[in-house]
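Participant:
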Ligand code: NAP
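Numbering (the working numbering), first residue to last: 358 to 851.
#1: Alpha carbon to alpha carbon, what distance is there between residue 708 and residue 654?
#2: Just the Cα atoms here: how many angstroms apart are residue 481 and residue 391?
#3: If you measure between the beta carbons of residue 569 and residue 432, is that distance less than 8 Å?
#4: Please confirm if the segment 565–581 is in contact with the segment 694–713, defined as three or more CB-CB distances below 8 Å between the two stretches.
#5: What are the uninterrupted segments assigned as alpha helix (DSSP H) that are 4 or more residues long and contained completely in the segment 818–850, given in chain order?
#6: Since residue 828 and residue 723 are thought to touch, with beta carbons under 8 Å apart, how far apart are those beta carbons, to the nearest angstrom?
#7: Could you check if residue 698 belongs to the surroundings of ligand 1, using beta carbon to heavy atom distance under 7 Å?
#8: Measure the beta-carbon distance from residue 644 to residue 810 and round it to whole angstroms, keeping in mind my assumption that it falls under 8 Å.
#9: Would you call residue 600 buried or exposed, if buried means 16 or more other Cβ atoms sit within 10 Å of its Cβ?
#10: Which residue's Cα is closest to the Cα of residue 516: 850, 734 and 405?
#11: I'd like to confirm the pairing. Which residues does DSSP put opposite residue 518 in its beta bridges?
#12: If we ignore side chains and look at the alpha-carbon of each, how far apart do residue 540 and residue 500 end up?
#13: Kindly confirm or deny that the segment 410–428 and the segment 486–503 touch, where touching means at least three C-beta pairs closer than 8 Å.
#14: Does the distance between the C-beta of residue 412 and the nearest non-hydrogen atom of ligand 1 fall short of 7 Å?
#15: Let me know the secondary structure DSSP gives residue 388 once reduced to three states.
#16: Just verifying my parser: in three-state terms, what is the DSSP assignment at residue 351?
#17: For residue 419 versus residue 758, is the C-beta distance shorter than 8 Å?
#18: Please determine if the segment 529–547 and the segment 715–731 are in contact, where contact requires at least 3 C-beta pairs separated by less than 8 Å.
#19: Ligand 3 and residue 613: does the residue's C-beta get closer than 7 Å to at least one heavy atom of that ligand?
#20: Taking all protein chains shown into account, decide if residue 733 is buried (16 or more other Cβ within 10 angstroms of its Cβ) or exposed.
#21: Report the CB separation of residue 770 from residue 840 in whole angstroms; it is logged as a contact under 8 Å.
#22: Taking its Cβ as the centre, do 16 or more other Cβ atoms sit within 10 Å of residue 524, making it buried, or is it exposed?
#23: The alpha helix (DSSP H) that contains residue 759, what's its start and end?
#24: Among 744, 469, 612 and 774, which residue has its Cα nearest to the Cα of residue 844?
#25: Might you give, ordered along the chain, the residues of its own chain that have their beta carbon closer than 7 Å to the beta carbon of residue 403, omitting 5 neighbours on each side?
#26: Using the C-alpha atoms, what's the distance from residue 509 back to residue 681?
#27: Cutting at 6 Å between CB atoms, please list the residues of its own chain near residue 607, excluding the five before and the five after it.
#28: By Cβ distance below 8 Å, which residues in the same chain neighbour residue 718 in space, the five residues on each side in sequence not counted?
#29: Please report the straight-line C-alpha distance between residue 798 and residue 848, rounded to a whole angstrom.
#30: Measure the beta-carbon distance from residue 536 to residue 562 and round it to whole angstroms, keeping in mind my assumption that it falls under 8 Å.
#31: Could you tell me the boundaries of the alpha helix (DSSP H) in which residue 485 lies?
#32: When you compare the segment 661–675 with the segment 570–580, are there three or more beta-carbon pairs, one atom per stretch, that lie closer than 8 Å?
#33: Got a sec? Which residues, its chain only, sit under 8 Å from residue 504 by beta carbon, not counting five neighbours each side?
#34: Just mark residue 651 as buried or exposed, buried being the case when its beta carbon has 16 or more other beta carbons within 10 Å.
Now the structure itself:
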């Protein structure tokens with residue numbers, strides 16, 4: 358058994374984990390291990406390689422503020438560029454030396470005597486570390502649908518998160534299950550190749566027009582030479598996203614018309630693309646805009662006008678070796694089944710590994726037996742020296758980078774104070790944690806989640822108790838600002 362000793366162990370080599378490592382470096386820590394079960398860095402942008410993948414937040418906003426990328430080819434860059442960007446960040450900040458791939462973390466336990474975390478790996482090793490950072494993301498456990506007979510299917514099954522690019526859909530009769538953000542990007546691509554495509558939709562999604570444009574070599578050179586030009590673009594995309602999310606979702610009570618305008622744009626978009634009234638009705642969500650992640654596409658709706666694309670809304674009864682039987686008895690014989698069925702956010706995630714804190718508190722159990730909660734979306738009482746990035750009330754805005762960067766600022770203030778006072782451990786107080794949770798719940802009272810009609814949304818933003826504890830319902834600006842001022846007395850430093 359190894360007894361390797363670290364300043365910090367970070368679980369996850371995506372943009373969250375890399376951001377934390379960069380911040381730790383800035384704070385003077387160098388004995389860092391970044392562990393990832395995959396065989397390379399980039400997190401979701403390494404795993405997701407399906408056709409049509411693009412970022413669905415403007416790339417100017419979907420990147421670190423401190424590391425702008427002048428070379429995006431479009432406002433909504435393809436997924437491969439995000440992977441390249443992740444590699445660039447890892448190289449520039451010399452993070453690869455910390456990374457260990459194909460490394461599965463089973464769990465972590467706080468050792469109160471040694472005042473350190475013991476991190477168990479599936480190969481039997483134990484790493485000892487002063488700080489533990491969970492950077493596994495919200496969307497890291499792909500969900501396979503529990504449909505009767507699915508195992509009996511004898512054709513080819515393609516999973517969005519394990520795409521086999523060597524497989525050609527040309528001339529194949531294909532079906533796809535799932536019409537979330539992934540499905541919306543995949544469906545138009547599948548329709549280009551497959552001879553027949555049946556889309557099994559359970560819940561329609563809000564699809565908005567995508568105001569996308571390319572950045573040619575001239576624009577890229579300008580962004581590289583005069584970064585202020587790209588920064589100006591970023592200020593606009595940041596502001597637009599922040600205002601829209603805040604008014605349409607978090608301040609629904611006060612700004613309901615903004616939500617209604619967004620919904621009207623979605624309706625108009627659908628109307629402009631589809632002439633067939635019955636088809637349009639089937640694609641119309643019966644829940645309010647903002648209950649579930651809306652998506653962007655200029656080609657999704659039009660795809661359903663193609664004669665070889667069929668929308669099936671009756672629900673799936675079972676899968677047979679050669680096809681899918683809907684609840685109305687219709688059977689589609691298919692060669693290929695594509696699964697874009699999303700992620701398990703609530704069962705095998707939050708946290709993604711077993712974490713045992715002081716007094717034997719099990720994080721996953723405690724969250725489930727009490728409420729989901731984390732101070733500033735990052736720290737939890739009885740879990741000293743631990744930061745959990747994809748925590749309850751952590752997700753701010755729509756770009757994951759906003760969350761990562763406000764958390765980096767939190768680290769700066771908290772770890773800076775530890776260094777100033779010579780403390781070895783931090784732990785958020787129960788009082789501060791309760792106060793933060795109370796505030797989040799009060800803010801949510803004004804949100805579309807509580808006041809809107811979300812009953813039919815089947816949104817993964819809600820858990821089985823009907824609570825929506827993933828988002829921090831504030832502006833990004835507010836989240837960032839608070840990290841410079843949170844009371845240091847909210848932590849017990851020792
Ligand atoms: P998702 O939004 O959870 O959608 C999963 C889809 O599968 C839903 O339509 C769901 O239907 C359907 N489904 C699941 N189980 C089913 C079953 N047993 N029978 C029938 N249908 C079933 O997952 P996602 O599309 O992968 O997107 C997840 C998140 O990833 C997004 O919200 C977004 O945050 C992120 N994302 C981002 C990008 C990007 O930036 N480029 C791209 C893709 C995804 P119900 O709705 O009825 O449950």
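For each residue, glycine too, the CB sits at the ideal point set by N, CA and C. For clarity, every value in this text was computed on a predicted model and none was experimentally measured.
Facilitator: The answer reads as follows:
#1: Residue 654 and residue 708: Cα-Cα distance of roughly 32 Å.
#2: Approximately 17 Å between the Cα atoms of the pair.
#3: Their beta carbons are under 8 Å apart, which means residue 569 touches residue 432 by this criterion.
#4: The segment 565–581, when compared against the segment 694–713, does not touch it at the 8 Å Cβ threshold.
#5: Entirely contained in the segment 818–850, the alpha helix (DSSP H) runs reaching 4 residues are, in chain order, 833–839.
#6: Not quite, the Cβ-Cβ distance comes to about 21 Å (not below 8 Å), so this is no contact.
#7: Yes, Cβ of residue 698 sits closer than 7 Å to a heavy atom of ligand 1.
#8: A Cβ-Cβ separation of about 6 Å places residue 644 in contact with residue 810 under the 8 Å criterion.
#9: By the Cβ neighbour-count rule, residue 600 is exposed, with fewer than 16 other Cβ atoms within 10 Å of its own.
#10: Minimum Cα distance to residue 516 is reached at 405.
#11: Note: residue 518 sits in no beta bridge, so no partner.
#12: Between residue 540 and residue 500, the alpha-carbon positions lie close to 14 Å from each other.
#13: Too few Cβ pairs lie closer than 8 Å, so no.
#14: The answer is yes for residue 412.
#15: If DSSP states are grouped into helix, strand and coil, residue 388 belongs with coil.
#16: What is shown of the chain runs 358 to 851, which leaves residue 351 out entirely.
#17: In this structure, residue 758 lies closer than 8 Å to residue 419 by Cβ.
#18: Contact fails between the segment 529–547 and the segment 715–731, because fewer than three Cβ pairs, one in each stretch, are under 8 Å apart.
#19: Within the structure as shown, ligand 3 is missing, the only ligands being ligand 1.
#20: Burial call: buried.
#21: Residue 840 and residue 770 do touch by the CB rule: their CB atoms are close to 6 Å apart, below 8 Å.
#22: Around the CB of residue 524, fewer than 16 other CB atoms lie within 10 Å, so the residue is classed as exposed.
#23: Judged by DSSP secondary structure, residue 759 falls within the alpha helix (DSSP H) whose first and last residues are 757–778.
#24: Closest in alpha carbon position to residue 844, among 744, 469, 612 and 774, is 774.
#25: Result list for residue 403: 395, 397 and 440, in chain order.
#26: Roughly 11 Å between the two C-alpha positions.
#27: Taken in chain order, the residues that qualify are 804 and 830.
#28: The answer, listed in chain order, is 739 and 740.
#29: Rounded to whole angstroms, the separation of the alpha carbons of residue 848 and residue 798 is 21 Å.
#30: Your pair residue 536 and residue 562 checks out as a contact, with CB atoms roughly 6 Å apart and the cut at 8 Å.
#31: In the DSSP annotation of this structure, residue 485 is not part of any alpha helix (DSSP H); the continuous beta strand (DSSP E) holding it starts and ends at 483–491.
#32: Touching, no, given that fewer than three Cβ pairs across the two stretches are closer than 8 Å.
#33: The residues are 534, 673, 675 and 676.
#34: Burial call: buried.
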